[in-house]
Structure formats: C-alpha cells, structure tokens
Amino acid sequence: MRKPDRKRVFLTGATGNMGWAGFQELLSRSDRFDVTILVRPSKKNQKKLKQYMNHPHVQIVWGDLTNYADVFRCVEGADYVLHVGGMVSPAADRHPKRTMEVNIGSAHNVVNAVKAQPNKDDIGVVYIGSVAQTGHHEPPYHWGRCGDPVKASRHDYYSLSKCIAELVFAESGLKKWVSIRQSGMLYPELLTKANDPITFHVPFSGVLEWSTVEDSGRVLANVCEDWVPEEFWGGFYNLSSGPSYRLTNYEFEKMLLEAISCPPVEKVFERNWFATQNFHGQWYTDADRLEEMLHFRENIDAKEYFRRLKKRVPWYFSLAAIVPAFAIKAFMKHLATTDPLGTLYWLKHGVEKRIDAHFGSERMWKEIGDWSTFDYSRPSEEALLPDLGFDESKPAQQWTITDLHKSALPKGGQCLATEYTPGDIFTPVRWRCSCRNEFEMSPNSVLRGGHWCPECLNKTVLPEEPTILE
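Residue numbers (my numbering): 363 to 832.
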C-alpha cells in the first residue's frame, strides 16, 4: 500500500527519448515518487524495461495509448499524469493517418480517464506539445512566444495532430492542466540520425532554440514537486535550454557534422537539396518563464553540450573522418533522390504539391544558388513579434470583453460574446473567423495559447484536400 506522503506519477512515452529521461529522473527521486508507465508490449520495449519489471516503485502496464481501458487503469490512483507519448517524426511523416489517430485519440483518452476519477480536480495533467505547432518562421520574423498564432505547415500532419491534441487538454474543463511545448531536443542518438530524408526539409536560413534531453527530463520530474506555484497551471509554455541554444539551422548542421567527424556542410551537401520554407522553428522571447517556474536548466553552454554529445556517439562514427567527402555526398544525394520524402525525389518525379510547399515553385528552386551566395550571418537578435491585438502586459485574470474583441482583429475575425466576467478565462465564448466559420473556444486558448479557427487550421496543412477530421 502506498504511503500517504508518496505520489504516484503516470508517465506515457516512457521508452521515447524525452520520456525515458523523465522516467530516469523520477526514479532518482523514488523516495517520494512511484511511477506507472504504459508501454506497448514490443520485444524492444520488453528488453529495455526488463531491469525495472520488479522495481518496487515502478508499475509497468503493457498496453496502448489508443485503448481507453489501458489508459484508465494507469490514471487510477495517479496524482500526476505526464502525457509525453505519441507518434513523432520520422514515423509521423510516413504514417499521417496513424499519427492523427494516436496523437489525438490518446489525448482524448487521457482527458476522459482523468475526468472519470473522483479527485479529477486534484490531478496534475501535463501535455507535451511541440514547437511545430506554430509553423514556419522566416527571418526577420524568427522570434515567437506563446500566444502567437497556432498553425501547422503544409503536409505536416504531426504538427496538426499536436495542435488539436493540445486543444483537447486546454478546452477539457480540467482544473489542473498545463501544456509545455517542446522544441528541438538534443540527445546522443540524434547525431546518428542525419541519414533521414526529413533532414532536407529543414531550411538552412531557419532557426531553432533547442532543449537538451537532460533538461527535458528534469521538467517532467520537477513539475510533480510540491513547490510548483499554483499559477503555473492552466498555461502554455515554451521549453528550451536557454539563450546559447538559439541556433540557425546551418549552425546546427555544422555542429552536428563536427560531432560525428564528418566533413563540413559545404563538402557533403548542395544548398538546393534543402527546402527553403514550410518547416517550423523560432527563437523564444518567453522560454525563461518555464525556467522561472520549474528550475530545470543545467545552464551548460550549447557548444560545450555538443562536445559532451560527441563523447557519447558510438566509436565507429569517428571513422567518418577517413571517408572521402564525395562518398558521403553521394550517399546523401541518393537518400534525397530515392526516398519519397526526399526533396530531390519530389523534383525528379514532379511532385508539384511538395515542390510548391517547400520551395515556392520549381523556378524558385532553380534560383537558390550555390554556397558562394549563401548568407552566413545570424538573423537579428532583436525580437520582431506579431501584434496580438490586446494588452499582453495585463494579467489574464484582468482581461475584459474589450480585450477579447481586440484579440480577434489581427486574425481578421470577431469575438461574438456580448458579456464576459473578468477572470473567467476557461469558459468558452463564441468567435467568428474570417472564413465565416463560427466556433466556441476559451479566451485562455485564444489569447494565451494562440489557437483559433479549427476549420482553417486543418486547411493550412493541405488546403487542396478535403478535411480528414470529423
């Protein structure tokens, strides 16, 4: 029987990279936490978890996030639910329908299971969102914060699934929920995944503000501690490991290749193999908010962290130093040309929808140029942010109906509410989009989360196709 001073944490996605880091961090605090994990019964997972099967503070439930009964069993008796699990890239890019089913379906299962508990208002529910939810940011608009418009890039069903799943939690009526939007996460195995065609979806001119796997694990454990302030709950947060992790995508690729002993970027890639738009990523003006709440950062410099990662890469990657650059380049070109997710594959086979989305047009692709014309300078350190229409310095509890009406204007929409009680930020009100669609959504989701018209959200992913959602 569990001691009254102990807490039970239900963690999904425990065998993934962020989930595993959170699992290990929670185990290091087993003097006060018991952990329940829901894991698919694959041979790989069984091997990975073998050493924990008889752990006194670990309960392993073999099942599936899309099975409500499995989720309910894990939620029962939990003080905290950390929903990290789901489908991510590159699997999400290859299986879009399954991604939608898993990521959205599991969100509904978690919310419904928590709602079914007698102490539902006391259970802390943490949803891990994604930087992909705010789509492509091109300099000079490469800075962002929570509250900026939520929008998925075209063809990005992973992003769409995360946008919708986040809204499942935000509009659930649960009293103690939060959404933490994970950025690009650095972990040792990432350095070994440079041979995936989605590498070429990342524009060199874009940016990301990265997080480390260790910091991410501490986020999951720290959020379960008693000292977390009450005002933390009900919000949206961006996760990063700090200012030194603000990298351009070119800088990241350069540091990655150096870490695995590969020749420089210019020796193994051509510029026009890489998309010029339609990805995601931004630098944050507000990521320190999460650090102020959860105190999770190790505060190690990004360059030092890459040196640490290099020491953890399998020894055989050092052999890349003796492989001629032309051989590596030939392999990468083959990958980009032969895989249906490769950029050169689209150009070779005339996949116009992809070419237009990721390059603008075939003509624009031809104008990209070589490395001699590439701009190596970093984009501005001064944040240029979109106007959200209302006074962002005003505490949410002080919003008035005027703030709600003003927030809809930059979106070309309207708030249709005629009455609003200040402080009632979680009760849905009615809105009208510029597309004439009317919908209900809480002021919290619109003003603090950046959410808007569900119909338009779906159309941004693949506007020429009919909706895939009910």
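Just so you know, even glycine gets a beta-carbon here, dropped at the ideal spot from N, CA and C.
Could you compute how far the alpha carbon of V446 sits from the alpha carbon of S734? V446 and S734: Cα-Cα distance of roughly 42 Å.
With three or more beta-carbon pairs closer than 8 Å as the criterion, would you say the segment 365-375 touches the segment 391-401? Because the criterion of three Cβ pairs below 8 Å is met, the segment 365-375 and the segment 391-401 touch.
Given a threshold of 16 other Cβ atoms within 10 Å of its Cβ, counted over all protein chains shown, does K459 qualify as buried or as exposed? Burial is judged here by how many other beta carbons sit within 10 angstroms of a residue's own beta carbon; K459 has fewer than 16 and is exposed.
E724 versus G704: straight-line alpha-carbon distance, rounded: Going by the C-alpha atoms only, they are around 15 Å apart.
For K629, I'd like the list of residues in its chain whose CB is within less than 6 Å of its CB, leaving aside the five on either flank, ordered along the chain. The residues are A687.
Do you know offhand how far M363's Cα is from Q479's? Its pLDDT being 45, under 50, M363 is placed unreliably by the model, and the measurement read from it follows with that caveat. Distance between the alpha carbons of M363 and Q479 is about 19 Å.
Any idea what DSSP makes of D834, helix, strand or coil? Residue coverage of the chain in this structure runs from 363 to 832, which leaves residue 834 outside it and unanswerable.
Per DSSP, which one or two residues make a beta bridge with N640? Answer by DSSP bridge pairing: none, since N640 is not bridged.
So, with DSSP's three-state summary, where would you put L388? Reduced to three states, the DSSP call for L388 is helix.
Using the beta-carbon count (16 or more within 10 Å), is P741 buried or exposed? The residue is buried, with at least 16 neighbouring Cβ atoms inside 10 Å.
Check Q479 in the structure and name its three-state DSSP category. Assignment of Q479 by DSSP, reduced to helix, strand and coil, places it in the coil class.
At the level of alpha carbons, what is the spacing between T554 and V488? Whole-angstrom Cα-Cα distance: 30 Å.
Whole angstroms are fine: how far does the CA of K773 sit from the CA of T638? Rounded to the nearest angstrom, the two C-alpha atoms are 25 Å apart.
In three-state DSSP terms, what is K672? Note: K672 maps to helix in three-state DSSP.
What three-state label does DSSP hand G812 in the structure shown? In the structure shown, G812 sits in coil (DSSP, three-state: anything other than H, G, I, E or B).
Is it the case that the Cβ atoms of V833 and Y414 are separated by a distance below 7 Å? Residue numbering for the chain in the displayed model covers 363 to 832; residue 833 lies beyond these limits and cannot be assessed.
For a test of the three-state rule: what should DSSP assign to Y549, helix, strand or coil? The answer is coil: DSSP assigns Y549 none of H, G, I, E or B.
Using three-state DSSP, classify E826 as helix, strand or coil. With a pLDDT of 49 at E826, under the threshold of 50, the modelled position of this residue cannot be trusted, and the question is left open.
I'd like the list of long-range same chain contacts for S534, defined as Cβ closer than 6 Å, with 5 residues on each side in sequence excluded. Excluding positions up to five away in sequence, the list reads V473.
Pull up the CB-CB distance for T574 and L548, whole angstroms please, since I reckon it's below 8 Å. Yes, T574 and L548 are in contact; Cβ-Cβ is about 5 Å, under 8 Å.
Residue closest to A383, alpha-carbon to alpha-carbon, out of V530, E571 and L582: The shortest Cα separation from A383 among V530, E571 and L582 belongs to L582.
Can you pull the DSSP bridge partners for T374? Answer is L400 and H445.
Within 7 Å, strictly: CB atoms of V437 and A475: Going by C-beta atoms, V437 is nearer than 7 Å to A475.
Which partner residues of K369 appear in the DSSP bridge assignment? Bridge pairing for K369: F395 [DSSP].
Could you name the residues that DSSP lists as bridge partners for E800? Beta-bridge pairing links E800 to R794.
Selection from E593, M655, D483 and S515 that minimises the alpha carbon distance to A758: Here the closest residue by C-alpha is E593.
Beta carbon of Q644, beta carbon of H457: below 7 Å? In this structure, Q644 keeps its C-beta atom at 7 Å or more from the C-beta atom of H457.
Cut-off 6 Å between Cβ atoms - residues of its own chain near V564, not counting five sequence neighbours on either side: The residues are N611 and F641.
Would the segment 505-513 count as touching the segment 746-756 if we require 3 or more Cβ pairs under 8 Å? A contact exists between the segment 505-513 and the segment 746-756.
Check whether the Cβ of F788 sits closer than 6 Å to any heavy atom of the ligand FAD, and report yes or no. The ligand FAD is not part of this structure, which contains no ligands at all.
Distance between I730 and N584 (C-alpha atoms, nearest Å): Rounded to whole angstroms, N584 and I730 show a C-alpha spacing of 46 Å.
For W505, the residue or residues it bridges with in DSSP: According to DSSP, which records beta bridges pairwise, W505 is partnered with W645.
How would you write the range of the beta strand (DSSP E) that R633 sits in, first residue to last? Premise fails: R633 is in no beta strand (DSSP E) and is neither H nor E.
How many Å lie between V540 and T374 at the Cα? Each residue's Cα considered, the two are about 15 Å apart.
Residue environment, Y519, which counts as buried when at least 16 other CB atoms sit within 10 Å: Buried.
Residues near L346 by beta carbon distance below 7 Å, same chain, minus five either side: Given a span of 363 to 832 for the chain in the structure shown, any question on residue 346 remains unanswerable.
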